[in-house]
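Student:
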Amino acid sequence: MLIRLIGVAVVIVGLVLKFDTIATVVLAGIVTGLVGGMSIMDILATLGKSFVSNRTATLFVLTLPAIGICERFGLKEKAIDFIRSIKSATAGRVIIVYEVIRTLAAAFSIRLGGHPQFVRPVVVPMAEGAAVAKYGEINDKMSDDIKGAAAGAENYGNFFAQNCFMGASGTLLIVSTLNEQGFATVNALDVAKWSIPVAVISVILGAARNLWLDKQLDNEAAKGGNK
Amino acid sequence: MTAAQIVAEVFYCVIGLVFILVGVKALKDDGCSKKATTAAFWFLLAFTFICGQWLVNANLAWVVGAAIVVMACLTAIGGVVQTKNDVPDPDSVRAMADKYGYKIFIPAACIAVTAVVGATLGSKVPALSWLTANNAIGLSGVVALIAALLLTKCDPKYAAVDGARLMDNVNTTGILPQLLSALGALFTAAGVGEAISYYVSMVVPENSILIACFVYCLGMALFTMIMGNGFAAFSVIMVGVGIPFLISKGANPTIVGALGLTAAYCGTLCTPMAANFNIVPAALLETKSKYSVIISQIPFAVCMLLTHVVLLYVLAF
């Protein structure tokens, strides 16, 4: 029984040791087939057939030309303009607003570019600016707290809302995996709909987390003698 | 073939065409030392998309399998790289942003809206039965592209240039979801699901749905923490836990699937293995500790994971 799990072991070892992901997955499939008593031809045929029937999972490619043109004509720049135009009194509220926007963008498959293009140049300076305006000066700990919360907001919005878009690769992975396992009724529209509760809750929890950030900053500023 | 299948094949051929464009772009990049292997990867991938169904119908599915093994060898030797892209000049992008303003969001919004409206109509109107959820996604790409071209009045060649550019940015990981679904099929054929469920059944009491929900969500998160990859965890835990312990007990497969992947993402928030999301940003933001982002995310991730258990228990049954 245990030997059958060797494919799972291959995936874990391969990814932990940072081997090439594609090669690791294919190797895991071949090894699994071999210990499962399949012939090489059987394995290749099963792999080929299921790869073809799961082309669904790569449908997101069809949205790339339109998104690429929008980016060429300033999609990301306008998103940045929009966020810059928002005035918020505290670091936590700046991050909350960003998380809401990031969540909506993810649900509409608008790629904002994440940490390098948004969090570092836009969100963190805005949040730190709000904190400096409020407390006069911020120490390293406060700065780290703000940076961690801002980077987190980017991840929460990105991860928990992306599946609300029918053509997201995660949504399509869910559909193709379950279809492949014989659950033919599962489709992208329903998976996207059932991803909405988690997206909404992530925004609420994220807001709570960042209101707590403001509390932490208040405490830290008070402790530091409010210079 | 039904109308829906024919439309789907047309879309898969278009995807194949995008792959060919990436391959041709690689061939033209004389500054790239790996242009031959890179092009070979994309051409093989295009071949599986365009000829795949035909080969499967002709009982030649093994040819596709062999092509995948060759592609895996190409990525294993590091032979597939990004090649020179026609990246838009930042100054011109800024000028365009000022010229078009927020209108540039219209084509982008078209994608999500068309997909939802199309899929809904397709499932309700008999004459539109060809418009399956999958075909609606393809249609959304077409509608958005037309909207973008009408709005910007740019040379239509940029559909090809920018499509290939973004595909090249995504690079080989773009086919990972598809490959993992195929791995799931092999796992099932070889009895891996049975083996995992045999061991899981030692800890999960036969009729405790709540414990099964907990083990499923926690399994997704833990596997993701170990591997750093939520997609891979999803394939394994769905086959080993989700199907035998939840879906076969009457849970709604759509809800089990949707909550499973986001439960896996709770693990992504807590692991240095997901360096792109956690470690690289910490470096980028110059935090004092390289774990600042992870530490900041853990309370949220734990709350979110528990929320998943509750949602699964309440919604799926």
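Heads up: the sequence lines are chains A and B, in that order. So the first sequence is numbered by my numbering: it starts at 133 and just counts up by one. So the second sequence is numbered by my numbering: it starts at 775 and just counts up by one. Glycine included, each C-beta is placed from N, C-alpha and C at the ideal position. On a predicted model such as this, the values are computed, not experimentally measured, just so you know.
At 8 Å on the CB atoms, spell out the chain A contacts of Ile780 (chain B), in chain order.
Tutor: Along the second sequence, read from residue 1 onward, the residue named residue 780 (chain B) stands at position 6. The premise fails here: Ile780 (chain B) is roughly 14 Å from chain A at the closest Cβ pair, so nothing lies under 8 Å.
Student: Short of 7 Å in beta carbon distance, which residues of its chain neighbour Arg234 (chain A), apart from the five on each side in sequence? Order them along the chain.
Tutor: Sequence index remark: in the first sequence, residue 234 (chain A) carries index 102 (1-based). Excluding sequence neighbours, Arg234 (chain A) sits near Leu244, Ala285, Glu286, Gly289, Asn290.
Student: Over what stretch of residues does the alpha helix (DSSP H) that includes Trp759 (chain B) continue unbroken?
Tutor: No statement about residue 759 (chain B) is possible, as the shown extent of chain B runs from 775 to 1091 and does not include it.
Student: Kindly indicate which residue of B:Leu1079, B:Ala1032, B:Gly875, B:Ala814 has the alpha-carbon position closest to the one of Met845 (chain B).
Tutor: Locating residue 845 (chain B) in the second sequence gives position 71, where the first residue counts as 1. Of B:Leu1079, B:Ala1032, B:Gly875, B:Ala814, the residue nearest in Cα terms is B:Ala814.
Student: Got a sec? Which residues, its chain only, sit under 7 Å from Lys359 (chain A) by beta carbon, not counting five neighbours each side?
Tutor: Sequence index remark: in the first sequence, residue 359 (chain A) carries index 227 (1-based). Caution applies to Lys359 (chain A), whose pLDDT of 45 falls short of 50 and renders its modelled position unreliable; the model cannot decide the point.
Student: By the three-class DSSP mapping on this structure, what secondary structure does Val854 (chain B) have?
Tutor: What you label residue 854 (chain B) is simply residue 80 of the second sequence in a count that begins at 1. If DSSP states are grouped into helix, strand and coil, Val854 (chain B) belongs with coil.
Student: For a cutoff of 8 Å on Cβ pairs, would you count Gly231 (chain A) as touching chain B?
Tutor: As a first step, residue 231 (chain A) must be located in the first sequence, where it is residue number 99. Correcting the residue type first, residue 231 (chain A) is Glu in the shown sequence and not Gly. It does not: the Cβ of Glu231 (chain A) has no partner Cβ on chain B nearer than 8 Å.
Student: Return the chain-ordered list of same chain residues with a C-beta closer than 6 Å to the C-beta of Met133 (chain A), the five sequence neighbours on each side being excluded.
Tutor: Numbered from 1 along the first sequence, position 1 holds the residue referred to as residue 133 (chain A). For Met133 (chain A), where only same-chain residues beyond five positions count, there are no Cβ hits under 6 Å.
Student: Which residue wins for smallest C-alpha separation from Gly152 (chain A), given the options B:Ile780, B:Phe1019, B:Ala886, B:Leu950?
Tutor: Counting from 1 along the first sequence, the entry for residue 152 (chain A) is found at position 20. Residue 152 (chain A) is actually Asp in this sequence, not Gly. Selected option, being the one with the closest Cα: B:Leu950.
Student: So Ser914 (chain B) and Ile885 (chain B) are in contact, right, with Cβ under 8 Å, and what is the actual spacing, rounded?
Tutor: Numbered from its first residue, the second sequence carries residue 914 (chain B) at position 140. Numbered from its first residue, the second sequence carries residue 885 (chain B) at position 111. Indeed, because the Cβ distance is near 5 Å, the residues count as touching under 8 Å.
Student: Along the chain, where does the alpha helix (DSSP H) containing Arg216 (chain A) start, and where does it finish?
Tutor: Position 84 of the first sequence, counted from the first residue, corresponds to residue 216 (chain A). 207 to 216 is the span of the alpha helix (DSSP H), which, as asked, contains Arg216 (chain A).
Student: Contact criterion: CB-CB distance below 8 Å. Does Val335 (chain A) meet it with respect to chain B?
Tutor: To locate residue 335 (chain A), count along the first sequence from 1; it is residue 203. Cβ-Cβ to chain B under 8 Å: no for Val335 (chain A).
Student: Note down, in chain order, each residue of its chain lying with its Cβ closer than 6 Å to the Cβ of Phe1074 (chain B), except the 5 sequence neighbours on either side.
Tutor: One-based indexing of the second sequence puts residue 1074 (chain B) at position 300. Answer for Phe1074 (chain B): no residue qualifies.
Student: What's the call for Thr303 (chain A), buried or exposed, on a 16-neighbour Cβ count within 10 Å?
Tutor: Taking the first residue of the first sequence as 1, we reach residue 303 (chain A) at position 171. By the neighbour-count rule (16 or more Cβ atoms within 10 Å), Thr303 (chain A) is buried.
Student: Are three or more beta carbon pairs between the stretch 915 to 924 of chain B and the stretch 180 to 197 of chain A nearer than 8 Å?
Tutor: Touching, yes.
Student: Counting C-beta neighbours from all protein chains within 10 Å, is the total for Ser955 (chain B) 16 or more, i.e. buried, or is it exposed?
Tutor: What you label residue 955 (chain B) is simply residue 181 of the second sequence in a count that begins at 1. Counting Cβ neighbours within 10 Å, Ser955 (chain B) comes out buried, since at least 16 surround it.
Student: Between which residues of its own chain and Gly246 (chain A) is the CB-CB distance below 8 Å, once the five residues before and five after are set aside?
Tutor: In the first sequence, counting from the first residue as 1, residue 246 (chain A) sits at position 114. For Gly246 (chain A), where only same-chain residues beyond five positions count, the Cβ hits under 8 Å are Glu286, Asn290.
Student: Ala259 (chain A) and Ala282 (chain A): beta carbons closer than 8 Å?
Tutor: As a first step, residue 259 (chain A) must be located in the first sequence, where it is residue number 127. As a first step, residue 282 (chain A) must be located in the first sequence, where it is residue number 150. The answer is yes: Cβ separation under 8 Å.
Student: Is the shortest distance between the beta-carbon of Ile242 (chain A) and the beta-carbons of chain B less than 8 Å?
Tutor: By one-based count along the first sequence, residue 242 (chain A) stands at place 110. Chain B, which has a Cβ nearer than 8 Å to the Cβ of Ile242 (chain A), makes this yes.
Student: Thinking Ala986 (chain B) and Phe997 (chain B) are a contact (beta carbons under 8 Å), I'd like their distance in whole angstroms, please.
Tutor: To locate residue 986 (chain B), count along the second sequence from 1; it is residue 212. To locate residue 997 (chain B), count along the second sequence from 1; it is residue 223. That pair is no contact at about 16 Å.
Student: Determine the burial state of Met775 (chain B): buried for a count of at least 16 other Cβ atoms within 10 Å of its Cβ, exposed for fewer.
Tutor: Within the second sequence, the letter at position 1 stands for residue 775 (chain B). When all chains shown are included, Met775 (chain B) counts as exposed.
Student: Take Ile911 (chain B) and list the residues in its own chain whose beta-carbon comes closer than 6 Å to its own, dropping the five residues that flank it on each side.
Tutor: For the purposes of this step, residue 911 (chain B) is taken as the residue at position 137 of the second sequence. Taken in chain order, the residues that qualify are Ala889.
Student: Within 8 Å of any Cβ in chain A, is that where the Cβ of Trp904 (chain B) sits?
Tutor: What you label residue 904 (chain B) is simply residue 130 of the second sequence in a count that begins at 1. It does not; no Cβ of chain A falls within 8 Å.
Student: Check whether the Cβ of Met274 (chain A) lies closer than 8 Å to any Cβ atom in chain B.
Tutor: Within the first sequence, numbered from 1, the residue matching residue 274 (chain A) stands at position 142. Judged by the 8 Å Cβ criterion, Met274 (chain A) is not in contact with chain B.
Student: Can you give the Cα-Cα distance for Arg204 (chain A) and Ala211 (chain A), rounded to whole angstroms?
Tutor: Sequence index remark: in the first sequence, residue 204 (chain A) carries index 72 (1-based). Sequence index remark: in the first sequence, residue 211 (chain A) carries index 79 (1-based). Cα-Cα distance, rounded: 13 Å.
Student: Roughly how many angstroms lie between the CA atoms of Lys1062 (chain B) and Gly1002 (chain B), to the nearest whole one?
Tutor: For the purposes of this step, residue 1062 (chain B) is taken as residue 288 along the second sequence, with counting starting at 1. For the purposes of this step, residue 1002 (chain B) is taken as residue 228 along the second sequence, with counting starting at 1. Going by the C-alpha atoms only, they are around 23 Å apart.
Student: Quick one: measure Cβ to Cβ for Phe793 (chain B) and Ala820 (chain B), integer angstroms, because I've assumed they're closer than 8 Å.
Tutor: Here residue 793 (chain B) corresponds to residue number 19 of the second sequence, with the count starting at 1. Here residue 820 (chain B) corresponds to residue number 46 of the second sequence, with the count starting at 1. That belief holds up - the Cβ atoms of Phe793 (chain B) and Ala820 (chain B) are roughly 4 Å apart, short of 8 Å.
Student: Going by DSSP, what residue range makes up the alpha helix (DSSP H) through Phe1019 (chain B)?
Tutor: For this step, residue 1019 (chain B) is matched to residue 245 along the second sequence. Note, Phe1019 (chain B): premise wrong, no alpha helix (DSSP H); not H, not E.
Student: Is there a C-beta anywhere in chain D that falls below 8 Å from the one on Gln313 (chain A)?
Tutor: The displayed structure is made up of protein chains A and B, and chain D is not among them.
Student: If you run the structure through DSSP and keep just helix, strand and coil, what is Pro951 (chain B)?
Tutor: Counting from one through the second sequence, the residue named residue 951 (chain B) turns up at place 177. In the structure shown, Pro951 (chain B) sits in a helix (DSSP, three-state: H, G or I).
Student: Can you list, in chain order, the residues of its chain whose CB lies under 8 Å from that of Ile215 (chain A), leaving out five sequence neighbours each side?
Tutor: Within the first sequence, residue 215 (chain A) is the residue found at index 83, counting from 1. So the list reads Val229, Tyr230, Ile233, Phe250, Val254, Val255, Met258, once near-sequence residues are dropped.
Student: Report, in whole angstroms, the separation of the C-beta atoms of Thr926 (chain B) and Ile201 (chain A), which I expect to be a contact under 8 Å.
Tutor: On the second sequence, position 152 is the one that residue 926 (chain B) refers to. On the first sequence, position 69 is the one that residue 201 (chain A) refers to. Confirmed, about 6 Å.
Student: Give the interface partners of Pro248 (chain A) over in chain B, defined as CB-CB distance under 8 Å, in chain order.
Tutor: Reading the first sequence from its first residue, position 116 is the one you call residue 248 (chain A). Neighbours of Pro248 (chain A) on chain B, chain order: Leu1058.
Student: Cα-Cα, which of A:Ala160, A:Gln348, A:Gly280, A:Gly224 is closest to Ile1053 (chain B)?
Tutor: The residue labelled residue 1053 (chain B) in the question sits at position 279 within the second sequence. Cα-wise, what sits closest to Ile1053 (chain B) is A:Gly280.
Student: At the 8 Å Cβ level, is Asn358 (chain A) part of the contact set with chain B, yes or no?
Tutor: Residue 358 (chain A) sits at position 226 when you count from the first residue of the first sequence. Caution is warranted here: a pLDDT of 48 is assigned to Asn358 (chain A), below 50, making its placement in the model unreliable, and no coordinate value can be reported.
Student: Do you know offhand how far Val729 (chain B)'s Cα is from Val843 (chain B)'s?
Tutor: Here chain B has residues from 775 to 1091 only, and residue 729 (chain B) is not among them.
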